[in-house]
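Novice: To get my numbering, take the position in the sequence shown, counting from 1, and add 8. The beta carbon of each residue, even a glycine, is placed where N, CA and C say it ideally should be. Below is a structure I'd like to ask you about.
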Amino acid sequence: MDKPQKDKSADHKKTDARKNSGKQPVTACLLNAAFFGALGSSFLYGYNLSVVNAPALFIKDFYNKTWIERYGEPIGAEAVTLLWSITVSIFAIGGLLGALSVSLLLRVFGRKGTLLLNNSFAIIAALLLSLGEMAKSFEMLIIGRLIIGVDSGIALSALPMYLGEISPRHIRGSIGQFNSILICLGVFTGQVLGLPELLGQESRWIYLFSFLACPALLQLCVLPFLPESPRYLLLERRDEAGAEKAFQRFLGKKDVSQELDEVRAEAQGTLHTVSVLHLLKTPTVRWQLITIIITMACYQLCGLNTIWYYTNGILREAGFAENILPYITLSTGAVETLAAIISGLVIERIGRKRLLIFGFSAMALFFSLLTVFLNFQESVSWMPYLSYICILAVIASFCSGPGGIPFILTGELFEQSYRPAAFMIAGTVNWLANFTVGLLFPFIQETLQSFTFLVFVAVCILGSSYLYVVLPETKNKTFMDISQSFAKINKIPASSPSHEMELDLCIKPKTSEQVQIVKTESSCCIVGESGLKR
Numbered sequence: 009m010d011k012p013q014k015d016k017s018a019d020h021k022k023t024d025a026r027k028n029s030g031k032q033p034v035t036a037c038l039l040n041a042a043f044f045g046a047l048g049s050s051f052l053y054g055y056n057l058s059v060v061n062a063p064a065l066f067i068k069d070f071y072n073k074t075w076i077e078r079y080g081e082p083i084g085a086e087a088v089t090l091l092w093s094i095t096v097s098i099f100a101i102g103g104l105l106g107a108l109s110v111s112l113l114l115r116v117f118g119r120k121g122t123l124l125l126n127n128s129f130a131i132i133a134a135l136l137l138s139l140g141e142m143a144k145s146f147e148m149l150i151i152g153r154l155i156i157g158v159d160s161g162i163a164l165s166a167l168p169m170y171l172g173e174i175s176p177r178h179i180r181g182s183i184g185q186f187n188s189i190l191i192c193l194g195v196f197t198g199q200v201l202g203l204p205e206l207l208g209q210e211s212r213w214i215y216l217f218s219f220l221a222c223p224a225l226l227q228l229c230v231l232p233f234l235p236e237s238p239r240y241l242l243l244e245r246r247d248e249a250g251a252e253k254a255f256q257r258f259l260g261k262k263d264v265s266q267e268l269d270e271v272r273a274e275a276q277g278t279l280h281t282v283s284v285l286h287l288l289k290t291p292t293v294r295w296q297l298i299t300i301i302i303t304m305a306c307y308q309l310c311g312l313n314t315i316w317y318y319t320n321g322i323l324r325e326a327g328f329a330e331n332i333l334p335y336i337t338l339s340t341g342a343v344e345t346l347a348a349i350i351s352g353l354v355i356e357r358i359g360r361k362r363l364l365i366f367g368f369s370a371m372a373l374f375f376s377l378l379t380v381f382l383n384f385q386e387s388v389s390w391m392p393y394l395s396y397i398c399i400l401a402v403i404a405s406f407c408s409g410p411g412g413i414p415f416i417l418t419g420e421l422f423e424q425s426y427r428p429a430a431f432m433i434a435g436t437v438n439w440l441a442n443f444t445v446g447l448l449f450p451f452i453q454e455t456l457q458s459f460t461f462l463v464f465v466a467v468c469i470l471g472s473s474y475l476y477v478v479l480p481e482t483k484n485k486t487f488m489d490i491s492q493s494f495a496k497i498n499k500i501p502a503s504s505p506s507h508e509m510e511l512d513l514c515i516k517p518k519t520s521e522q523v524q525i526v527k528t529e530s531s532c533c534i535v536g537e538s539g540l541k542r
């Protein structure tokens, strides 16, 4: 008769804790970790998406001059196109290599340690890209692009994981959106610095790549003084004192016992980091994995990257002079950044699921309108203006949800032991889809012409439909609660509170003189000086 009363009191404590968590102020430590973590990571990814556009003609000219000095004749048109294509596309190959290696790096160096180590790739890439012209070696530019791709592949997994693990659940989405905001800010910065008045000149284009070292060095100056992920410290390093101090700094309070208990419960019987193969075979996370794969594939296949193919052509049709096109296209970067910031401000009120569905649905709508406007563009003089408005609307729709939330969900849908492998799979899907779009889009565009965007309309509709049916809302929920939300669709029984308490007892650290055997229905845990063994 006493057990139900205990369960009720425990539920009341959980409810009170959630109410109190919503009143916690955001600390300077947490904001610094989010900003400087993203500055040296996702900002560089966004910057590298746009930085190669402005100096394209200068880089091709450099390839030609280098070729003449080596072989005594100008480079052929096909050869220079091939070299330029390799320079641009090898970034995605580097990203894939980074994504494939991130699981191992996260296990060995931790979340913060991986971010710090990753700065070495950015600095090496900056040196190669900056000194390539002086050394008269276009190979250095290509290798530099490969290495900065590796940096981005690692960053897009390590950073969202770090932000998700250090944030209180009531603002986990807002802190996680720093990743998306800094990506957009990086794109915008690349556009601004590439203007002819700044670094978009033949004598200055190498400084566009030298700039890569600045965010990396800033992160190296600040991040070492900020705490590691407390979840990583407690569950993987077994450092309870370090985890407690990290929580105290991030949350700005002394009593963090509730947060520590929540992390202990997250272990859920699997206290070691699992491999990718193990994750793929585990039925309890099957639909989480399917959801992340579909969401991350839609992130790349929704058509945003292809929108740039039409932007300048639409502006020319509208009558804008060629020399002012770079200034008008700055509006795309500004809209991206503004939409990402607004999304970060409202994500905890509206929720991840609604923003994702809204974003993909709005993209489908505006892609459909853009298809109509493109077909009437030559017959109606003011139609290009509507086309450009649709382009801005597509960009804003993407950044309102699909542009950042897939990375947040990858951290939220999986508990600690599965998280590194999940990010590795998500990153691999992300970069493979990126490469696929770049490879297939020219053929799709050649075949469908102005009806090209209907392909992406279908992708957006299918993605939003799947998310509506399968994805539960994750805002203000613990990682344990989110896992339980998938219990029914995964066809597994929900774990009882008593089982969680037993697991909690299993992983609480003991002194070297205390050895305790805790027997449960499913396992026997031996806790001693060396930690937990099964």
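1. Pick out whichever of K144, A249, Y426, L231 has its Cα sitting closest to the Cα of G121.
2. Looking at C-beta atoms only, is the number of pairs between the region 359–372 and the region 464–478 that lie closer than 8 Å three or more?
3. Tell me which same chain residues have a C-beta within less than 6 Å of the C-beta of L112, skipping the five on either side of it?
4. Whole angstroms are fine: how far does the CA of E344 sit from the CA of A404?
5. Keeping to the same chain, check which residues put their C-beta closer than 7 Å to that of Y307; ignore five residues upstream and five downstream.
6. So which of K73, S395, R239, M488 has the shortest CA-CA distance to S458?
7. Per the contact definition of three or more C-beta pairs closer than 8 Å, is the region 289–299 in contact with the region 378–393?
8. Who are the Cβ neighbours of Y240 in its own chain at under 7 Å, not counting the five residues just before and after it?
9. What number of angstroms, rounded off, separates the C-alpha of I433 from the C-alpha of I301?
10. Quick check: the Cα distance between L312 and D263, rounded to an integer number of angstroms?
11. State the CB to CB distance for the pair S493 and L400, rounded to an integer number of angstroms; the pair is presumed to be in contact (CB under 8 Å).
12. Would you tell me roughly how many angstroms separate the C-alpha atoms of M304 and Y79, rounded to the nearest one?
13. With 16 other CB atoms within 10 Å as the buried threshold, where does M571 fall?
14. Determine the direct distance from the alpha carbon of P176 to that of V34, and round the result to whole angstroms.
15. With a threshold of 7 Å on Cβ separation, who are the neighbours of P223 within its own chain once the five nearest residues in sequence on each side are excluded?
16. Quick one: grab the DSSP three-state call for N2.
17. Distance, Cα to Cα, P82 vs M142?
18. Compute the distance between the beta-carbons of P63 and W213, then report whether it is under 8 Å.
19. If I follow the unbroken alpha helix (DSSP H) through L382, where does it start and stop?
20. Do you know offhand how far P450's Cα is from T89's?
21. Note down the Cα distance separating H178 from G260, rounded to an integer number of angstroms.
22. Do F360 and T482 have their C-beta atoms within less than 8 Å of each other?
23. When you compare each of V200, V282, T486, L479 to K496 by their alpha carbons, which one comes out closest?
24. Are the beta-carbon atoms belonging to G161 and G198 less than 8 Å from one another?
Specialist: Quick look at the numbers:
1. Here residue 121 corresponds to residue number 113 of the sequence shown, with the count starting at 1. Closest option to G121, Cα to Cα, is L231.
2. yes
3. As a working note, residue 112 is residue 104 in the sequence shown. If we look at L112 and ignore the five residues flanking it on each side, it has no Cβ neighbours.
4. To locate residue 404, count along the sequence shown from 1; it is residue 396. To locate residue 344, count along the sequence shown from 1; it is residue 336. Cα to Cα, A404 sits roughly 6 Å from E344.
5. Taking the first residue of the sequence shown as 1, we reach residue 307 at position 299. The residues are P410, P414, N438.
6. As a first step, residue 458 is located in the sequence shown; it is residue number 450 there, counting from the start. Among K73, S395, R239, M488, the Cα nearest to that of S458 is on S395.
7. no
8. The residue labelled residue 240 in the question sits at position 232 within the sequence shown. For Y240, where only same-chain residues beyond five positions count, the Cβ hits under 7 Å are G118, R119, E173.
9. For the purposes of this step, residue 433 is identified with residue 425 of the sequence shown, where counting begins at 1. For the purposes of this step, residue 301 is identified with residue 293 of the sequence shown, where counting begins at 1. Their backbone Cα atoms lie some 8 Å apart in a straight line.
10. To locate residue 312, count along the sequence shown from 1; it is residue 304. To locate residue 263, count along the sequence shown from 1; it is residue 255. Straight-line Cα distance between these residues: approximately 45 Å.
11. On the sequence shown, residue 493 is found 485 positions in, with the first residue counted as 1. On the sequence shown, residue 400 is found 392 positions in, with the first residue counted as 1. S493 to L400, Cβ: 35 Å. No contact.
12. The residue labelled residue 304 in the question sits at position 296 within the sequence shown. The residue labelled residue 79 in the question sits at position 71 within the sequence shown. The straight-line gap from Cα to Cα measures roughly 45 Å.
13. What is shown of the chain runs 9 to 542, which leaves residue 571 out entirely.
14. Along the sequence shown, one-based indexing puts residue 34 at 26. Along the sequence shown, one-based indexing puts residue 176 at 168. Computed Cα separation, rounded: 9 Å.
15. Within the sequence shown, the letter at position 215 stands for residue 223. Excluding positions up to five away in sequence, the list reads L47, G48, F51, L52.
16. Residue coverage of the chain in this structure runs from 9 to 542, which leaves residue 2 outside it and unanswerable.
17. Position 74 of the sequence shown holds residue 82. Position 134 of the sequence shown holds residue 142. Their backbone Cα atoms lie some 19 Å apart in a straight line.
18. Looking up residue 63 in the sequence shown gives position 55. Looking up residue 213 in the sequence shown gives position 205. In contact: P63 and W213 (Cβ atoms closer than 8 Å).
19. Walking along the sequence shown from the start, residue 382 turns up at place 374. Note, L382: alpha helix (DSSP H), 360–383.
20. Taking the sequence shown and counting its residues from 1, one reaches residue 450 at position 442. Taking the sequence shown and counting its residues from 1, one reaches residue 89 at position 81. Taking the straight line from one Cα to the other gives about 15 Å.
21. Taking the first residue of the sequence shown as 1, we reach residue 178 at position 170. Taking the first residue of the sequence shown as 1, we reach residue 260 at position 252. One C-alpha to the other measures close to 15 Å.
22. The residue labelled residue 360 in the question sits at position 352 within the sequence shown. The residue labelled residue 482 in the question sits at position 474 within the sequence shown. Note that residue 360 is Arg in the sequence shown, not Phe. Yes. Within cutoff.
23. Position 488 of the sequence shown, counted from the start, is the residue given in the question as residue 496. Cα-wise, what sits closest to K496 is L479.
24. Translated into the one-based positions of the sequence shown, residue 161 becomes position 153. Translated into the one-based positions of the sequence shown, residue 198 becomes position 190. Contact flag unset, no.
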